[in-house]
Amino acid sequence: MTAPPTTKAPVPEARTPFYRNVKVLAWAFQVTVFFVVLAFLLWLWSNYLTNTANSGIPTNFDFLSNPASFAIPGAEFDSNESVRNAYVIGLMNTIRISIVGIILATILGTLIGIGRLSKNWIVRKLSTVYVEAIRNTPLLVIMTFTFLGVVLQVMPTIEEAWNLGFIIVSNRGIGVPWYSEVSGAALFAVVALAFVGWWAVAKWRHGVSERTGELARVGLYGGLTFLLIWIVGWWLIGPTFTLPMIDGRQLEGGIRIDPSYFSVLIALVIYTASQIAEIVRGSIQAVPVGQGEAASALALSGFQRMSLIVLPQAMRIAIPPLGNQYLNLIKNSSLGAAFAYFELTNVTQITVGNGSPAVPAFFLALVFYVALSFITSAFVNLANRRFKLVER
Amino acid sequence: MKTKKLLVVLTALMLVLAACSSDDGSDTTEGGTDATEAPSGGGDGGSLLAEVMDRGELKCGTRDALTGFAVLTADGDHVGFDSDFCRAIAAALLGDAEAVDHVDLETSDRFTALQSGQIDVLVRNTTWTASRDGSEGATFLATTFYDGQGMMVSADSGFAGIEDMDGVIVCVAKGTTTEGNAAATADRLGLEWEVRPFDDNDLIQEAFGAGQCDGWSADFGALVGIRGDQPDGPESVLLLPEVFSKEPLGPAVLDGNDELAQAVNWVVFATIQAEEWGITTANVDDFLDSEDSNIRKFLGATFTDGDGNETTLDAGLGLPADFAYQVIKQVGNYGEIFDRHLTPLGLERGVNALWFDGGLLYAPPYR
């Protein structure tokens, strides 16, 4: 019950000298590191400027206005267009193969990942063999195999092309039917509208099911609505579909899938799918076992257990490593440069070989790749934030 | 308090230090061989030539698989027309034709290798163009081989000339004048060509052999060598008669290395001049005491000058006086080099003959 002693005497401030003061030292260290790094970068920069000045190599971006002096097949690009436009086409091609590659690799990878956990022995073994074989093979080797082996050797020459009616396969391209004389955007909009219709019908049917207790049958109603909107929409727009044909040595009509694009895409999908399969398998196994057991206790079928309970929780876990694989795919697409696919790295190499200064040209390519990676990881982070477990 | 004051003082000190280092950094316009430890590209004329001579080895940029021009054999030797010119330059600068480091380069990074100093001289069947002189920072030297672009097709393709090739796929090497010329030629003739570029001749061979490419376009000299290497034999392909561009092939050094540039120039001229006089590896020793004092000056032998003194000619190129003798003795004259590598492929001298035989090879006088 005694109050603690108080005193009115002044307490001297404890002052550690600056060379022992932790706060000062921390700051001093950071400032030193910053300036050391800055000095190093400035030294590299001055090095580069001196050497290029001595040999007369320009260090600016004026080369972008020069004529490209090479043509890009498949794009409306002849040799008089500017280097800038070549870069744009290269970037578009990189984006194109990345998006398609990501979608296909995710689908294939998820299926194989689930396959590795299957109760069916042969499915399990095949999936394991696939993953172990492909995962341990360098991507360049896979791509060389798809290009030299699959495209050049297996696919026939144009004279002996496999004509499957609406698809023609040859080693200089795969012809598929395509629309013409209509805007692709309109056709795409109809398909998007069909998806919206499916979603709207799904909501309606869920509401009906809640109120009346009858089966929602979303698949039936939604599927029918989807098909209805798609068919009617496209019939109204009236696109003409042209089938591919062989005309001399070329594939006329329809659209031609470039053999380099095909081989690079297949290689990217195969390789990335093997990585994604492992990620998906790991995340499925990370979902608590009790979830699966509870699903069985509720008399859900195996398919329902996987698709309604386990997989949604697994994908939440899988999102960050999946994002990593997507970034890898985007950067791995640069290997297409060795196989005549006109993506960004290839275009950069060609313009440098034709006289553009190397450092600014590759710096520009670097900036584009970094931008693509940032955008992709922004989307992945968005998905992650949206789906992650909210913890206290 | 005191901590904050100390932090301010520290930051001020750091800023002063950074300002000092920035001064060194912005010193870009002077010769600057101290501030920059760049491998070469010295900037002041003679330093690369002197550096090569000090080093005792010439770094020559070349390739490993172009029949006739540069092939890496199983013994690890580079054999070919361009390889012999690398040896000639080494024989002149260093007195030893084998003191060469043949650096194999891909087509797409031959110029960056030159710019970065990885190689001293590029002797890799490279075409002399204005933009390479300019923005690639290369200095091209005397042309060793006047070539043109040709087209190779399969013998059973039915093409008799370039004009027949409409709606075809043409495969070329990436980042070469071939690529640009193919596109320009197609535009000019109103033909539709899809030009597919590959980094490596091996890939083009695969694509051509599998029927993906209707035509393989490259320099005519290179195509002659490639024809000889075809897996189904030279009769399975056809070289179309049209030659549709000018491709003067010669060595190149980096801009700013004037003395090395001149030295390489005069090595090439020496091989041409020797052929003009009929000097070969076999008989060069006999020419050392020739009656013609021009020949003796050329070979670095002694001659009697105007005052009656015995002297040798030093043209001030920075080369040893007997450089031409070493080149001829160790490698040979132009005709010998050509006959050794290109004549067996079936290439005629054509425009690569001496000027008095109707060709373009003309050496300025050595005096």
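Protein chains in written order, with numbering that gives the first Met the number 0: chain B, 0 to 391; chain L, 0 to 366. In this text, a Cβ means the ideal position worked out from N, Cα and C, and glycines have one as well. Because the structure is a prediction, the values reported are computed rather than measured.
> Is the shortest distance between the beta-carbon of K7/B and the beta-carbons of chain L less than 8 angstroms?
Replying inline: By one-based count along the first sequence, residue 7/B stands at place 8. It does not; no Cβ of chain L falls within 8 angstroms.
>> DSSP three-state label for W354/L, please.
In response: For the purposes of this step, residue 354/L is taken as the residue at position 355 of the second sequence. The answer is helix: DSSP assigns W354/L an H, G or I state.
> According to DSSP, is I245/B helix, strand or coil?
Replying inline: Against the first sequence, residue 245/B aligns to sequence position 246. If DSSP states are grouped into helix, strand and coil, I245/B belongs with the strands.
> Of the residues that make up the segment 1-15 of chain L, which ones have a beta carbon closer than 8 angstroms to any beta carbon in chain B?
Replying inline: Here the close residues are K1, T2, L5, L6, L9, T10 and M13.
>> Suppose the cutoff is 7 angstroms on Cβ atoms and the five residues either side in sequence are ignored; what does the same chain contact list for E136/L look like?
In response: Within the second sequence, numbered from 1, the residue matching residue 136/L stands at position 137. Per the sequence shown, the amino acid found at residue 136/L is Gly instead of Glu. Answer for G136/L: Q114, L253 and D254, listed in chain order.
> Is Y270/B buried or exposed, if buried means 16 or more other CB atoms sit within 10 Å of its CB?
Replying inline: In the first sequence, counting from the first residue as 1, residue 270/B sits at position 271. When all chains shown are included, Y270/B counts as buried.
> How about Y324/L and T270/L: are their beta carbons less than 8 angstroms apart?
Replying inline: Working through the second sequence from its first residue, we reach residue 324/L at position 325. Working through the second sequence from its first residue, we reach residue 270/L at position 271. With respect to the 8 angstroms criterion, Y324/L and T270/L are not classified as neighbours on the basis of their beta carbons.
> Contact check, M164/L vs I225/L under 8 angstroms by CB: the rounded distance?
Replying inline: Numbered from 1 along the second sequence, position 165 holds the residue referred to as residue 164/L. Numbered from 1 along the second sequence, position 226 holds the residue referred to as residue 225/L. About 18 angstroms; that fails the 8 angstroms criterion.
>> Would the segment 240-250 of chain B count as touching the segment 176-184 of chain B if we require 3 or more Cβ pairs under 8 angstroms?
In response: Between the segment 240-250 of chain B and the segment 176-184 of chain B, the count of Cβ pairs shorter than 8 angstroms is three or higher; the stretches touch.
> Which runs of the alpha helix (DSSP H) fall wholly inside the segment 247-296 of chain L and span at least 4 residues, in chain order?
Replying inline: Taking only runs of at least 4 residues, the alpha helix (DSSP H) segments lying wholly in the segment 247-296 of chain L are 257-276 and 283-286.
> Three or more C-beta pairs closer than 8 angstroms, one from the segment 80-92 of chain L and one from the segment 256-272 of chain L: is that the case here?
Replying inline: Short answer: they touch.
> Mind pulling the beta strand (DSSP E) runs of 3 or more residues that sit fully within the segment 125-150 of chain L?
Replying inline: Runs of the beta strand (DSSP E) inside the segment 125-150 of chain L: 137-139 and 144-146.
> Comparing the C-beta of R131/L with each C-beta of chain B, is any distance below 8 angstroms?
Replying inline: Counted from its first residue, the second sequence places residue 131/L at position 132. Chain B contact via Cβ: present.
>> Under DSSP, the beta strand (DSSP E) around Y178/B begins and ends at which residues?
In response: The residue you call residue 178/B lines up with position 179 of the first sequence. It spans W177 to S179 - the beta strand (DSSP E) in which Y178/B sits, taken as one unbroken run.
>> Among the candidates A352/L, V326/L and L346/L, whose CA atom is the shortest distance from the CA of D410/L?
In response: Residue coverage of chain L in this structure runs from 0 to 366, which leaves residue 410/L outside it and unanswerable.
>> Please list the terminal residues of the continuous alpha helix (DSSP H) segment that includes A293/B.
In response: In the first sequence, residue 293/B corresponds to position 294, counting from 1. Per DSSP, the unbroken alpha helix (DSSP H) holding A293/B starts and ends at V288 to A296.
> Can you name the residues of chain B whose CB is closer than 8 angstroms to the CB of L316/L?
Replying inline: Within the second sequence, the letter at position 317 stands for residue 316/L. Residues of chain B with a Cβ closer than 8 angstroms to the Cβ of L316/L do not exist, since the nearest Cβ in that chain sits about 21 angstroms away.
> From the beta carbon of A73/L, is the nearest beta carbon of chain B less than 8 angstroms away?
Replying inline: Residue mapping note: residue 73/L aligns to position 74 of the second sequence, counting from 1. Output row for A73/L: interface = no.
> How many Å lie between F110/L and T184/L at the Cα?
Replying inline: The residue given as residue 110/L occupies position 111 in the second sequence. The residue given as residue 184/L occupies position 185 in the second sequence. So the two alpha carbons sit approximately 25 angstroms from each other.
> Looking at F338/B and M142/B, is the spacing between their C-beta atoms short of 8 angstroms?
Replying inline: Here residue 142/B corresponds to residue number 143 of the first sequence, with the count starting at 1. Here residue 338/B corresponds to residue number 339 of the first sequence, with the count starting at 1. At a Cβ-Cβ threshold of 8 angstroms, M142/B and F338/B count as neighbours.
> Between P196/L and chain B, is there a C-beta pair that is closer than 8 angstroms?
Replying inline: For this step, residue 196/L is matched to residue 197 along the second sequence. Yes, its Cβ sits closer than 8 angstroms to a Cβ of chain B.
> Cα separation between D26/L and S45/B?
Replying inline: By 1-based counting over the second sequence, the position of residue 26/L is 27. By 1-based counting over the first sequence, the position of residue 45/B is 46. Because the pLDDT of D26/L is 39, which lies under 50, any placement of that residue in the model is unreliable, and the number read from its coordinates should be weighed accordingly. Cα-Cα distance, rounded: 8 angstroms.
> According to the Cβ coordinates, are A276/B and G172/B closer than 8 angstroms?
Replying inline: Within the first sequence, residue 276/B is the residue found at index 277, counting from 1. Within the first sequence, residue 172/B is the residue found at index 173, counting from 1. No, the Cβ-Cβ distance between A276/B and G172/B is not below 8 angstroms.
> Is the beta carbon of P66/B less than 8 angstroms from the beta carbon of S54/B?
Replying inline: On the first sequence, residue 66/B is found 67 positions in, with the first residue counted as 1. On the first sequence, residue 54/B is found 55 positions in, with the first residue counted as 1. No, these two residues do not count as a Cβ contact at 8 angstroms.
> Looking at I167/B and L110/B, is the spacing between their C-beta atoms short of 8 angstroms?
Replying inline: As a working mapping, residue 110/B is identified with position 111 in the first sequence. As a working mapping, residue 167/B is identified with position 168 in the first sequence. Not closer than 8 angstroms, so no.
>> Please classify K296/L as buried or exposed, where buried requires at least 16 other C-beta atoms within 10 Å of its C-beta.
In response: In the second sequence, counting from the first residue as 1, residue 296/L sits at position 297. Buried is the call here.
> CB-CB under 7 angstroms to G40/L, same chain, minus the five flanking residues each way: which ones, in chain order?
Replying inline: Within the second sequence, residue 40/L is the residue found at index 41, counting from 1. No answer about G40/L holds up, because its pLDDT of 43 lies below 50 and its placement is not dependable.
> Can you name the residues of chain B whose CB is closer than 7 angstroms to the CB of A206/L?
Replying inline: Within the second sequence, residue 206/L is the residue found at index 207, counting from 1. Neighbours of A206/L in chain B, taken as residues at a C-beta separation under 7 angstroms, are given in chain order as L151.
> In whole angstroms, what is the alpha-carbon distance linking A182/L and S244/L?
Replying inline: Residue numbering aside, residue 182/L sits at position 183 when the second sequence is read from its first letter. Residue numbering aside, residue 244/L sits at position 245 when the second sequence is read from its first letter. C-alpha of A182/L to C-alpha of S244/L: approximately 12 angstroms in a straight line.
> Does the Cβ-Cβ distance between I161/L and L202/L come in under 8 angstroms?
Replying inline: For the purposes of this step, residue 161/L is taken as residue 162 along the second sequence, with counting starting at 1. For the purposes of this step, residue 202/L is taken as residue 203 along the second sequence, with counting starting at 1. Taking 8 angstroms as the cut-off, the beta carbon of I161/L is found no closer than this to the beta carbon of L202/L.
> Are the Cβ atoms of I236/B and A185/B separated by less than 8 angstroms?
Replying inline: Residue numbering aside, residue 236/B sits at position 237 when the first sequence is read from its first letter. Residue numbering aside, residue 185/B sits at position 186 when the first sequence is read from its first letter. Their beta carbons are under 8 angstroms apart, which means I236/B touches A185/B by this criterion.
>> Quick check on DSSP: helix, strand or coil for K330/B?
In response: Start at 1 with the first residue of the first sequence, and residue 330/B comes out as number 331. Reduced to three states, the DSSP call for K330/B is helix.
> Between the C-alpha atoms of L6/L and F39/B, what's the straight-line distance to the nearest angstrom?
Replying inline: On the second sequence, residue 6/L is found 7 positions in, with the first residue counted as 1. On the first sequence, residue 39/B is found 40 positions in, with the first residue counted as 1. Using only the alpha carbons, I get a separation of about 23 angstroms.
> How many Å lie between T175/L and L16/L at the Cα?
Replying inline: If you number the second sequence from 1, residue 175/L lands on position 176. If you number the second sequence from 1, residue 16/L lands on position 17. Taking the Cα positions, T175/L is about 47 angstroms away from L16/L.
> Which class does G208/L belong to by DSSP, given the choice of helix, strand or coil?
Replying inline: Against the second sequence, residue 208/L aligns to sequence position 209. DSSP, read as helix, strand or coil, puts G208/L in helix.
> What whole-angstrom Cβ distance do V242/L and G214/L have, given they're in contact under 8 angstroms?
Replying inline: Within the second sequence, residue 242/L is the residue found at index 243, counting from 1. Within the second sequence, residue 214/L is the residue found at index 215, counting from 1. The pair is not a contact, with the Cβ atoms about 14 angstroms apart (cut-off 8 angstroms).
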